[in-house]
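Let me begin by presenting the structure, written as structure tokens, before commenting on it.
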Amino acid sequence: MKYVFLASTLLLSLSSIAQCDTCDLPKPADYCYTDSLFAGYCASFMEDGDSFQFTTGKKPVTVPLAEETDTEYFLSLANNKKLKIKSKDLLFLQLATKDWATAKMTLGYEIDAQGLGIKIIEEGTGTVPLKGDNIKVHYTGLLLDGSKFDSSVDRGRPFEFVLGAGRVIKGWDQAFAKLKRGTKARILIPSELGYGSRGAGGGAIPPNATLIFEVELIE
Numbered sequence: 023m024k025y026v027f028l029a030s031t032l033l034l035s036l037s038s039i040a041q042c043d044t045c046d047l048p049k050p051a052d053y054c055y056t057d058s059l060f061a062g063y064c065a066s067f068m069e070d071g072d073s074f075q076f077t078t079g080k081k082p083v084t085v086p087l088a089e090e091t092d093t094e095y096f097l098s099l100a101n102n103k104k105l106k107i108k109s110k111d112l113l114f115l116q117l118a119t120k121d122w123a124t125a126k127m128t129l130g131y132e133i134d135a136q137g138l139g140i141k142i143i144e145e146g147t148g149t150v151p152l153k154g155d156n157i158k159v160h161y162t163g164l165l166l167d168g169s170k171f172d173s174s175v176d177r178g179r180p181f182e183f184v185l186g187a188g189r190v191i192k193g194w195d196q197a198f199a200k201l202k203r204g205t206k207a208r209i210l211i212p213s214e215l216g217y218g219s220r221g222a223g224g225g226a227i228p229p230n231a232t233l234i235f236e237v238e239l240i241e
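Residue 23 is where the sequence shown starts when you use this note's numbering, and the numbers rise one by one after that.
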């Protein structure tokens with residue numbers, strides 16, 4: 023069942039984007055969340071937005087979006103008199119923001135035949151490295167739920183490896199062979215090009231996990 027997890031995630035994203043057509047939205051959206059248990063409800067998100075649109079079938083309201091959608095966040099929504107959020111609304115918003123936290127990780131990638139995805143954040147001006155080149159990168163590794171499992175940035179020291187020598191996961195060798203020096207990008211790596219069924223990091227990376235790396239090819 024090759025790439026089932028990645029494919030199902032991307033199909034979920036596409037179907038949820040299509041749901042925007044069923045929502046009465048004043049603005050275009052990158053992603054929409056609806057639920058059959060909440061008839062008429064819709065939450066619409068923009069990839070780089072710090073708020074989102076929420077409607078129960080009436081006039082949409084703008085809801086602030088925090089990085090951490092925890093108990094404190096939802097209490098702030100409930101206590102916001104301008105939003106007039108009800109108990110049922112909060113249940114829907116908990117589902118919507120949780121869904122968005124995963125969905126936003128899969129938007130905007132160019133996916134190749136093996137399921138490797140690359141999203142350029144800032145295009146570099148240098149040359150593309152060749153097999154055998156020693157390259158230096160900064161990276162932050164994330165799971166699809168946004169949780170971080172490793173980061174050279176946190177350590178304050180870039181990671182070096184020889185491109186194409188098999189010293190890193192396959193997804194890295196393939197992705198960095200496509201990036202210009204100086205490029206900042208996000209790389210989406212299916213488990214087959216990552217750590218597969220064995221996982222890694224003492225459980226930090228679960229078996230069959232799709233991974234996302236925020237990277238900068240320094241030199």
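We treat Cβ as the ideally placed atom computed from N, Cα and C, and that holds for glycine. Everything numeric in this text was worked out from a predicted model, so none of it was measured.
Nearest-angstrom Cα distance between glutamate 132 and proline 151? Between glutamate 132 and proline 151, the C-alpha separation is close to 20 Å.
Taking all protein chains shown into account, decide if serine 35 is buried (16 or more other Cβ within 10 angstroms of its Cβ) or exposed. Note that serine 35 scores a pLDDT of 45, beneath 50, so its modelled location is shaky and nothing firm can be said.
Does the beta-carbon distance from alanine 197 to leucine 129 come in below 8 Å? It is not a contact, given that the beta carbons lie outside the stated cut-off.
Sequence-distant residues of the same chain with beta carbon closer than 6 Å to isoleucine 227, five excluded per side: Excluding positions up to five away in sequence, the list reads Phe171, Tyr217, Gly221.
Tell me whether alanine 135 is buried or exposed, calling it buried when 16 or more other Cβ atoms sit within 10 Å of its Cβ. Exposed, by the Cβ-count rule.
Flag this pair as yes or no: are the beta carbons of valine 184 and glycine 154 separated by less than 8 Å? A Cβ-Cβ contact shorter than 8 Å links valine 184 with glycine 154.
Beta-carbon spacing of leucine 215, leucine 239 below 8 Å: Not closer than 8 Å, so no.
Quick check on isoleucine 211: buried or exposed, where buried means 16 or more other Cβ atoms within 10 Å of its Cβ? Isoleucine 211 comes out buried.
Assuming threonine 232 and serine 213 make a contact with CB atoms under 8 Å, what is their CB distance in whole Å? Contact holds; Cβ gap of about 6 Å.
What do you reckon, is the C-beta of proline 228 under 7 Å from a heavy atom of the ligand ZN? Annotation note on the ligand ZN: not contained in the displayed structure, which lists no ligands.
Alpha carbon of cysteine 64 to alpha carbon of aspartate 43, nearest angstrom: A straight-line Cα-Cα distance of about 11 Å links cysteine 64 and aspartate 43.
What residues in its chain sit with their C-beta under 7 Å from that of alanine 207, if we drop five residues either side in the sequence? Closer than 7 Å at Cβ, skipping near neighbours: Ile140, Lys141, Ile142, Ile143, Leu201, Val237.
Measure the C-alpha to C-alpha separation of arginine 179 and serine 73 and round it to an integer number of angstroms. Taking the straight line joining both Cα atoms gives about 34 Å.
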